[in-house]
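Peer 1: So that we are looking at the same thing, I have put the structure below in structure tokens.
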Amino acid sequence: MISDTKTVAFSEVPKGRLLIWLLIAGEIVIFGGAIVSYLLARFRFLEIYNSLSSLTSVPYGAFNTVVLLTSSYFIVMAHHYAHQKKLEAMQLSMWITVILGGVFLIVKTAEWVPKLSSGITMGIDGELAVLMGPGASFWDYYYFLTGMHALHVILGMVAILLVMYNVRDGKHLHRVEMAGVYWHFVDIVWIFLFPLFYLSR
Amino acid sequence: MQKRVLANDEPEKAYQDNYHGHPQYGIIYKSLIFIMLVTILPDMINRIFGEKILPAGTILILSIFLLSLIKANLVLKNFMHVRFEPAMLLVTVFTGIFSLLLLFSLLWPDVTRLYDPNSQATYETQVIGQKTYIVNHKTGEMTLFELQRIKEQLGH
């Protein structure tokens, strides 16, 4: 299943890859803090949050999960092709990853726009605020976390495009893996956000 | 004896030297999709056959999170190649988790009102029978929470 497996000493981990992991450590603090804060609020108003969760769309969320998982597959295949010096296949895989990232953002927009136009915003007021009570904070968390995640998807797409430009001559191919590690982290965050907002109802 | 290429001296050459292996990415990907489908299965069953065929209890929700953990583990170990990385690299990641735990341990007394148990939150929910009420401790009001009225307001 695994070919030519060799682990390396810590001192031999490339600086760039170590830096990406340090970046991920920082992102864990940001996302982890927001998610735990959401969980605390959720357990405080459990019944209301569970009810409001039913206003999110599982088909949209599930489709986005498939899109991100598929994009993760393609970026890791790009790394695999880079190792084998198959530059065209590598470029194609990276393009597919970026396109799938775009699809994710389009679906996210399609999900947000009807909600925003019907009055479900961050800081709901008026009749809806009275009806939802303290549960209105569910939408604050929803927009903050999914919005922050979407920003990271955009950053990941920009990083992959920059790396694609960088490696077009077949040099610096180790950067493909680094961009991929960041992209996989973005995927892992969504793996947790999806059940938190869409399935816990 | 062939000179070992240190990754920091020549990262490109070390990268081509195949210093870590490649799992079967296709199999991992299909496993991830399968687990995702299992995760949404209860919701799909409820939609097809009507609500509450599978009521969302604690066990079901915990199972969904367990499946998410399994998916994250698969992505971490295979796509992010953590299984080939030295353990010390994970220590750098755990500094993030450690920082988070430290932050929460410092904030926990405020969140739980540990030092002032007599203080009361403004809002609380109370479930009486099958109905959920929002209690406002400042005004003493008790409002019935109705999801249906919210849906009507949104035009669903």
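Residue numbers (my numbering), protein chains in the order written: chain A, 1 to 201; chain B, 1001 to 1156. Note that beta-carbon positions come from the ideal geometry of N, C-alpha and C, so glycine has one too.
#1: Assuming the contact rule is C-beta atoms closer than 8 Å, VAL29/A and SER1099/B should be a hit. Round their C-beta distance to whole Å, please.
#2: Would you kindly check if the distance between the Cβ of VAL176/A and the Cβ of VAL158/A is under 8 Å?
#3: Check each candidate in LYS85/A, LEU22/A, VAL103/A and name the one with the smallest Cα separation from ILE1097/B.
#4: Out of ASN50/A, PRO195/A, ALA89/A, MET77/A, which one is the CA nearest neighbour of LEU145/A?
#5: PHE1145/B lies in the beta strand (DSSP E); which residues open and close that run?
#6: Measure from the C-beta of ALA159/A to each C-beta in chain B and report whether the shortest distance is under 8 Å.
#7: Measuring alpha carbon to alpha carbon, tell me which residue in LYS115/A, TYR38/A, GLY16/A is nearest SER200/A.
#8: Hey, could you find the ends of the beta strand (DSSP E) GLU27/A is sitting in?
#9: Helix, strand or coil for PRO195/A per DSSP?
#10: Chain B partners of SER118/A, CB-CB under 7 Å?
#11: Pull up the distance between the alpha-carbon of PHE45/A and that of THR1132/B, whole angstroms please.
#12: Using a C-beta cutoff of 8 Å, does HIS184/A count as contacting chain B?
#13: Taking C-alpha atoms, which residue in ILE1027/B, LEU1066/B, ILE1134/B lies nearest to THR1143/B?
#14: Which same chain residues, not among the five before or five after PHE63/A, have their C-beta less than 7 Å away from its C-beta?
#15: Determine, for GLY101/A, whether the minimum Cβ-Cβ distance to residues of chain B falls below 8 Å.
#16: Counting pairs of beta carbons, one from the region 164-172 of chain A and one from the region 1032-1048 of chain B, are three or more of them closer than 8 Å?
Peer 2: Straight from the coordinates:
#1: 5 Å
#2: no
#3: LEU22/A
#4: PRO195/A
#5: 1142-1145
#6: no
#7: TYR38/A
#8: No beta strand (DSSP E) contains GLU27/A, which is instead part of the alpha helix (DSSP H) from 15-44.
#9: helix
#10: LEU1154, GLY1155
#11: 10 Å
#12: yes
#13: Out of ILE1027/B, LEU1066/B, ILE1134/B, ILE1134/B has the C-alpha closest to the C-alpha of THR1143/B.
#14: Excluding sequence neighbours, PHE63/A sits near VAL107.
#15: no
#16: no
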